[in-house]
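Quick note, in the working numbering, the sequence shown goes up one by one and the last residue is 252. Every residue, glycine too, gets a C-beta built ideally from N, C-alpha and C. First comes the structure, then the notes that go with it.
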Amino acid sequence: MSGDIYEHFSHDERDFVDKASDWVERASKYHDTKLTDFLDPRQVFILQSLVNRSQDVQLRLDGGYEAAERKRALIAPDYRYLDEEDMGMQVLSITSDDQKISELEHGDYMGSLLGLGMKRGKIGDIQVLEDGCHTVVAAETGAFLSLQLNQVHRLHVFTELLPLDQMKWTDTKLDTVDITVASMRLDGICADVYRLSRSKVLNPIKAGRCKVNWKLVEDPSKALKAGDVVSIQGFGRFKVLEQDGTTKKGRCRVKIGKFA
């Protein structure tokens, strides 16, 4: 692969760029077809960029339902018809007789699934419902997860594998909050959103636990803008909804949407 492609991506993304480039090259030169694990939006962008550089390779993306964030990709020669290809996905339904299941959050389900030794790439979107959750999973791991998952955050649960057309999801809910900050710097906004001192926010950012738009960011001074999605491992994620002018003292008014 041409080394100049690295100029378009950050150093920490090189491993994925190499893998994605190999998938595209094999589809072009050897007529191979590759079904990936679930990719986050940043990885999808990288893969799409590489596919666009090749005239004889095509890409199909599918996360199991229309509004999916994480998606599996099918890379293939351009003469293949992909619409009917099996994308290898099932819905894992998680329910419980305990009414406290309505109190569980996204992180509770994620932690329990990963706690079984499952790779993140085998799990698609997790949709928290009032009576449990539906999560899209790679079909090759569905039976294992259904058999092994019997507890989420100390609650006994039941599981069932469903076809994709029975997937339930809700519109993304954001808890909005208005803050005023000295500037649009990443560390300052994160400190206000997570209610931490700026010094405590600096550690996870510099340790590589922060992503902006699914891209690793280690510079605390990075300027955020409306539309940016920020996540810090262990603290959750939020979206910068809008910057609404400044106060009389010159501070930025910012509307934040925190993901439930």
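Item to complete: Look at the alpha carbon of A218 and the alpha carbon of L208, and state the distance between them as a whole number of angstroms.
Response: Locating residue 218 in the sequence shown gives position 226, counting from the first residue. Locating residue 208 in the sequence shown gives position 216, counting from the first residue. Answer to the nearest angstrom: the Cα atoms are 18 angstroms apart.
Discussion item. Taking the alpha helix (DSSP H) that S88 belongs to, which residues open and close that run?
Written reply: On the sequence shown, residue 88 is found 96 positions in, with the first residue counted as 1. It is not in any alpha helix (DSSP H) - S88 carries neither H nor E in the DSSP assignment.
Item to complete: Using alpha carbons as the reference points, say which of A68, Y22, K63 and E58 lies closest to N44.
Response: Stepping through the sequence shown from its first residue, residue 44 is reached at position 52. Per the Cα distances, A68.
Discussion item. I need the straight-line Cα distance from V128 to M81, nearest angstrom please.
Written reply: Locating residue 128 in the sequence shown gives position 136, where the first residue counts as 1. Locating residue 81 in the sequence shown gives position 89, where the first residue counts as 1. Taking the straight line from one Cα to the other gives about 7 angstroms.
Item to complete: Round the Cβ separation of R62 and L31 to the nearest angstrom and send it over; I've been treating them as touching at under 8 angstroms.
Response: Start at 1 with the first residue of the sequence shown, and residue 62 comes out as number 70. Start at 1 with the first residue of the sequence shown, and residue 31 comes out as number 39. Rounded, the Cβ-Cβ distance is 7 angstroms, consistent with contact.
Worksheet item: Taking the alpha-carbon positions, what's the K165 to R18 distance?
Response: Residue numbering aside, residue 165 sits at position 173 when the sequence shown is read from its first letter. Residue numbering aside, residue 18 sits at position 26 when the sequence shown is read from its first letter. For K165 and R18, the distance between alpha carbons rounds to 41 angstroms.
Worksheet entry | Status (buried if at least 16 other CB within 10 Å, exposed otherwise) for R190 | On the sequence shown, position 198 is the one that residue 190 refers to. That one is exposed.
Worksheet item: Excluding sequence positions up to five away, which residues of its chain have a Cβ less than 8 angstroms from the Cβ of Y132?
Response: Stepping through the sequence shown from its first residue, residue 132 is reached at position 140. The residue you asked about is not Tyr; residue 132 is Glu in the sequence shown. If we look at E132 and ignore the five residues flanking it on each side, its Cβ neighbours are G80 and K114.
Discussion item. Please state the DSSP three-state secondary structure of M102.
Written reply: Locating residue 102 in the sequence shown gives position 110, where the first residue counts as 1. Three-state DSSP puts M102 in a helix.
Worksheet item: Does the Cβ of Q119 lie closer than 7 angstroms to at least one heavy atom of the ligand FMN?
Response: The ligand content of the structure shown is nil, which means the ligand FMN is not present either.
Worksheet item: Are the region 179 to 186 and the region 151 to 160 touching by the rule of at least three beta carbon pairs closer than 8 angstroms?
Response: no
Worksheet item: When the distance is taken between beta carbons, is D90 closer than 8 angstroms to H148?
Response: Within the sequence shown, residue 148 is the residue found at index 156, counting from 1. Within the sequence shown, residue 90 is the residue found at index 98, counting from 1. Yes, Cβ-Cβ distance for H148 and D90 is below 8 angstroms.
Worksheet item: Thinking just about the alpha-carbon of each residue, which of S175, L178, S46 and D123 is nearest to the one in K21?
Response: If you number the sequence shown from 1, residue 21 lands on position 29. Comparing Cα positions, the closest option is S46.
Worksheet item: With a CB to CB cut of under 7 angstroms and the five nearest residues on each side skipped, what residues in its chain are close to T172?
Response: Residue mapping note: residue 172 aligns to position 180 of the sequence shown, counting from 1. T239, R243, C244 and R245, listed in sequence order.
Worksheet item: Contact check, L216 vs L178 under 8 angstroms by CB: the rounded distance?
Response: Taking the first residue of the sequence shown as 1, we reach residue 216 at position 224. Taking the first residue of the sequence shown as 1, we reach residue 178 at position 186. Yes, L216 and L178 are in contact; Cβ-Cβ is about 6 angstroms, under 8 angstroms.
Discussion item. Closest to D220 by C-alpha separation, out of I197, W206 and M110, would be which residue?
Written reply: The residue given as residue 220 occupies position 228 in the sequence shown. Considering only alpha carbons, the answer is W206.
Worksheet item: The alpha helix (DSSP H) spanning T133 covers which residue range?
Response: The residue you call residue 133 lines up with position 141 of the sequence shown. Element bounds for T133: A131 to Q140.
Item to complete: Return the bridge partner residues of L51 from the DSSP annotation.
Response: Counting from 1 along the sequence shown, the entry for residue 51 is found at position 59. DSSP output for L51 lists I67 as bridge partner(s).
Practice prompt. Express the C-alpha separation of S175 and V36 in angstroms, rounding to a whole number.
Written response: Residue mapping note: residue 36 aligns to position 44 of the sequence shown, counting from 1. Residue mapping note: residue 175 aligns to position 183 of the sequence shown, counting from 1. Roughly 31 angstroms separates the two Cα atoms.
Fill in: Distance between A135 and D14 (C-alpha atoms, nearest Å)
Residue mapping note: residue 14 aligns to position 22 of the sequence shown, counting from 1. Residue mapping note: residue 135 aligns to position 143 of the sequence shown, counting from 1. Spanning the two alpha carbons is a distance of roughly 30 angstroms.
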